[in-house]
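Undergrad: As numbered in UniProt numbering, the sequence shown has no gaps in its residue numbers, which increase by one up to the final residue, 174.
Beta carbons: idealized from backbone N, C-alpha and C, even for Gly.
Below you will find the structure I want to go over with you.
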Amino acid sequence: MTRRVLRMLGSRYGIAAILLLVVISVVAVAQDQSRSTPGDGGQQGNTVDNVEPGAPDDGFATPSADPGATSGPAADVLPDSAVDTATAFAVAWVDTGSATAAEWVDRLAPYATRELHEQLAGVDPVSVPATEVRGEGRASAAHVEFDTDAGLLILRMTEENGGWLVAGIDFRRP
1 MTRRVLRMLG SRYGIAAILL LVVISVVAVA QDQSRSTPGD GGQQGNTVDN VEPGAPDDGF
61 ATPSADPGAT SGPAADVLPD SAVDTATAFA VAWVDTGSAT AAEWVDRLAP YATRELHEQL
121 AGVDPVSVPA TEVRGEGRAS AAHVEFDTDA GLLILRMTEE NGGWLVAGID FRRP
């Protein structure tokens, strides 16, 4: 009897049956694992509903690596000192004029975090799309927005060593 079973398993039909069982087992295990993953509480459909399509990201903003920095203010709106710093940065950012790239970056340095200053070091001021800030800055919890002649300039602010600095730049064209 044992020989007969082994002979049958050794034939092409036996091998096909074994492979079929292996494939069915792998598919069953994969489906079971896809139903529930650690951390989802057994919920189905781990999707994000609030993503809006938009223009491609034209820059990057990274959290500060400085342990003395905070990620943002505790209040709902930034203080006037943060808006003043953002305004000075925005005016210097659009003023590309006849300055060299190094001069332009140096003018931004007093208003920017060390990390942002290092990131701006390789930027050519000719690539700045705006030439003029229009109106006052509008503050929110961690950002100050400015209308410019070419779109919306959004500056991410952070409190560092008792003062406010620009930690990230985003620009949105209309």
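Does the Cβ-Cβ distance between G137 and V94 come in under 7 Å?
TA: By 1-based counting over the sequence shown, the position of residue 137 is 137. By 1-based counting over the sequence shown, the position of residue 94 is 94. Not closer than 7 Å, so no.
Undergrad: Have a look at the DSSP bridge pairing and note the partners of I154.
TA: Walking along the sequence shown from the start, residue 154 turns up at place 154. E145, D170.
Undergrad: Which same chain residues, not among the five before or five after I154, have their C-beta less than 6 Å away from its C-beta?
TA: In the sequence shown, the residue the question calls residue 154 occupies position 154. Within the same chain, I154 has close Cβ partners H143, E145, D170.
Undergrad: Thinking C-beta only, is T96 closer than 7 Å to P129?
TA: Here residue 129 is taken as the residue at index 129 of the sequence shown, counted from 1. Here residue 96 is taken as the residue at index 96 of the sequence shown, counted from 1. Contact flag unset, no.
Undergrad: Under the rule that 16 or more other beta-carbon atoms within 10 Å means buried, what is S71, buried or exposed?
TA: Walking along the sequence shown from the start, residue 71 turns up at place 71. With a pLDDT of 47 at S71, under the threshold of 50, the modelled position of this residue cannot be trusted, and the question is left open.
Undergrad: Round the Cβ separation of residue 260 and L116 to the nearest angstrom and send it over; I've been treating them as touching at under 8 Å.
TA: Nothing can be reported for residue 260, as the shown portion of the chain is limited to 1 through 174.
Undergrad: Please identify the residue among L19, A150, D80, A17 whose C-alpha is closest to the C-alpha of residue 241.
TA: Given a span of 1 to 174 for the chain in the structure shown, any question on residue 241 remains unanswerable.
Undergrad: Start and end of the beta strand (DSSP E) containing residue 175?
TA: Absent from the structure is residue 175, since the part of the chain shown begins at 1 and ends at 174.
Undergrad: What residues are listed by DSSP as bridge partners for L165?
TA: Walking along the sequence shown from the start, residue 165 turns up at place 165. Its beta-bridge partners are T158.
Undergrad: For N134, I'd like the list of residues in its chain whose CB is within less than 8 Å of its CB, leaving aside the five on either flank, ordered along the chain.
TA: Looking up residue 134 in the sequence shown gives position 134. Per the sequence presented here, residue 134 reads as Arg, with Asn not at that position. Counting only Cβ-Cβ distances below 8 Å, and skipping sequence neighbours, we find F146, D147, T148, D149.
Undergrad: Between the Cα of L152 and those of E132, L6, S98, V105, spot the shortest distance and give me the residue it belongs to.
TA: The count along the sequence shown starts at 1 and reaches residue 152 at position 152. With distances taken between Cα atoms, L152 lies closest to E132.
Undergrad: Does any residue of chain D have a CB that is nearer than 7 Å to the CB of A167?
TA: As a matter of chain content, chain D is missing from the structure shown, which is built from one protein chain.
Undergrad: Between which two residues does the alpha helix (DSSP H) holding A99 run?
TA: Residue numbering aside, residue 99 sits at position 99 when the sequence shown is read from its first letter. No alpha helix (DSSP H) holds A99; DSSP gives it neither H nor E.
Undergrad: DSSP on A109, reduced to helix/strand/coil?
TA: Translated into the one-based positions of the sequence shown, residue 109 becomes position 109. The answer is helix: DSSP assigns A109 an H, G or I state.
Undergrad: Three-state secondary structure (DSSP) at G122?
TA: Taking the sequence shown and counting its residues from 1, one reaches residue 122 at position 122. Looking at G122 - three-state DSSP - the assignment turns out to be coil, as it is neither helix nor strand.
Undergrad: Rounded to a whole number of angstroms, what is the C-alpha to C-alpha distance between P77 and V91?
TA: Start at 1 with the first residue of the sequence shown, and residue 77 comes out as number 77. Start at 1 with the first residue of the sequence shown, and residue 91 comes out as number 91. Correcting the residue type first, residue 77 is Val in the shown sequence and not Pro. Going by the C-alpha atoms only, they are around 21 Å apart.
Undergrad: On a Cα-Cα basis, can you pick out the residue from V123, A112, D32 that is closest to A99?
TA: For the purposes of this step, residue 99 is taken as the residue at position 99 of the sequence shown. That would be V123, whose Cα lies nearest to the Cα of A99.
Undergrad: Tell me whether V128 sits in a helix, a strand or coil according to DSSP, three-state version.
TA: Within the sequence shown, residue 128 is the residue found at index 128, counting from 1. In the structure shown, V128 sits in coil (DSSP, three-state: anything other than H, G, I, E or B).
Undergrad: How big is the Cα-Cα spacing for A121 and E159?
TA: Here the question's residue 121 lines up with position 121 in the sequence shown. Here the question's residue 159 lines up with position 159 in the sequence shown. Each residue's Cα considered, the two are about 22 Å apart.
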